[in-house]
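In case it helps, this note's numbering puts the sequence shown at residues 220 to 521.
The beta carbon of each residue, even a glycine, is placed where N, CA and C say it ideally should be.
Note that the structure is a prediction, hence the values are computed from the model and not measured.
Structure, as structure tokens:
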Amino acid sequence: MDLSGKVAVVTGSGRGLGLAYAEALAAAGAAVVVNDVGQEAVDAAVKRITGAGGRAAGVVAAVGDTPAAERLVGTAVERFGRLDVLVTNAGILRDRVLWKMTDDDFDAVVRVHLRGTFTCARAAAVRMREQGDGGRIVLVSSPAGQRGNFGQTNYAAAKAGIVAMARTWAMELARAGITVNAIVPVAATEMTRTIPAFAPVIEEAERTGEPFPAWLRRDEGLGTVDDVAGLVTFLASDASAGVTGQAIGVGGDRLALWAHPREKAVAFMDGGWSAEAIAEQWSTGVGAEPETYGIPAPKGAK
């Protein structure tokens, strides 16, 4: 995949998945603006990319506010002349069950994930529309946003909102030739290594250098951060010009298209539905096959 001549901004790219995205884009030929909240992480990421023959610049900033978003886009333009790709990866966690989650826990996560995605995408869209030759916006969601997850009210809500924004912006930016998609990645990171079913397998693979077992890569769709990066490179490329408004899952050996919410079952009642009528018909009518909720527990090795 050739991204020569393109310029990308990747938020939260000092480590983990974000760094993998930035390195993959640079390896394909794009110039990359790396971003993180710490100078050391940013400097190390830029050094890795440039040391491998790529082009990179760094911006230390916490996404969320408009000035940070405008600084990221401005750096891309000042250093490399334009902006073609935005990947909104930055995020934090403040996990707690509902009755223990504080206002600050909720606001901090929503500010980085949801507001940060909004402000960065808005700044990128303004620049891309001014350039007049299209662009690619890749938003990072999560299985938690698709299914919900215990202890992640703030995170799941923000990640669900990100997919909704992708669908909305895909419509709004279509005439400008700008595609907008959400990815739903699953990879071995500091977060997934805390899951009891995954932790020992991840630790063993890191100790021995052996690949993850097939049940983990296929059944759970969990692999390395590099397994996810190919989707970002594809969505940043000209090859994805016809792909927009989608939520695409990737991890391990699995690539998947997530369904958009839609009516599953419908029933009609002349004159409308009373509470009594709903109660009488629910279990044999529209509620006969209720939807699941929550991320399924890992099945483990067979």
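*Which residues in the same chain have their Cβ closer than 6 Å to the Cβ of A342, if we skip the five residues on either side of it in sequence?*
A288, E289 and V292
_Residues near A375 by beta carbon distance below 7 Å, same chain, minus five either side_ = A363, G364, G367 and N368
*Using the Cα positions of T269 and R301, report the straight-line distance between them to the nearest angstrom.*
19 Å
*Which full runs of the alpha helix (DSSP H) of 4+ residues lie inside the segment 329 to 373, going along the chain?*
335 to 350 and 362 to 366
*Secondary structure at V462, three-state DSSP: helix, strand or coil?*
coil
*Under the three-state DSSP convention, the category L181 falls into*: Given a span of 220 to 521 for the chain in the structure shown, any question on residue 181 remains unanswerable.
*Alpha carbon of V306 to alpha carbon of S493, nearest angstrom*: 47 Å
*Any idea if P404 is buried or exposed, counting beta-carbon neighbours within 10 angstroms, 16 or more meaning buried?*
With 16 or more Cβ atoms within 10 Å of its Cβ, P404 is classed as buried.
*State the Cα-Cα distance for the pair G233 and L450, rounded to the nearest angstrom.*
19 Å
*In whole angstroms, what separates the C-alpha of Y240 from that of E499?*
52 Å
*By Cβ distance below 7 Å, which residues in the same chain neighbour L238 in space, the five residues on each side in sequence not counted?*
Hits under 7 Å: S232 and A264.
*Given a threshold of 16 other Cβ atoms within 10 Å of its Cβ, counted over all protein chains shown, does A227 qualify as buried or as exposed?*
buried
*Since G237 is in the alpha helix (DSSP H), which residue starts that stretch and which ends it?*
G235 to A246
*Helix, strand or coil at L454 [DSSP, three-state]*: helix
_Contact under 9 Å by Cβ, A340 with A466_ = 9 Å or more divides the Cβ of A340 from the Cβ of A466.
*A484 versus A507 - alpha carbon distance*: 9 Å
_Rounded straight-line distance, which links the Cα of S456 to that of T511_ = 35 Å
_Other residues of its chain near M347: CB distance less than 6 Å, five sequence neighbours each side excluded_ = G354 and I397
*Taking the runs of the beta strand (DSSP E) that are 3 residues or longer, which of them lie wholly in the segment 372 to 438?*
397 to 404
*asked:* Please classify W185 as buried or exposed, where buried requires at least 16 other C-beta atoms within 10 Å of its C-beta.
replied: In the structure as shown, the chain begins at 220 and stops at 521. Residue 185 is therefore absent and cannot be evaluated.
*Using alpha carbons as the reference points, say which of F487, I497, A448 and A458 lies closest to L474.*
The alpha carbon of L474 has as its nearest neighbour, out of F487, I497, A448 and A458, the alpha carbon of A448.
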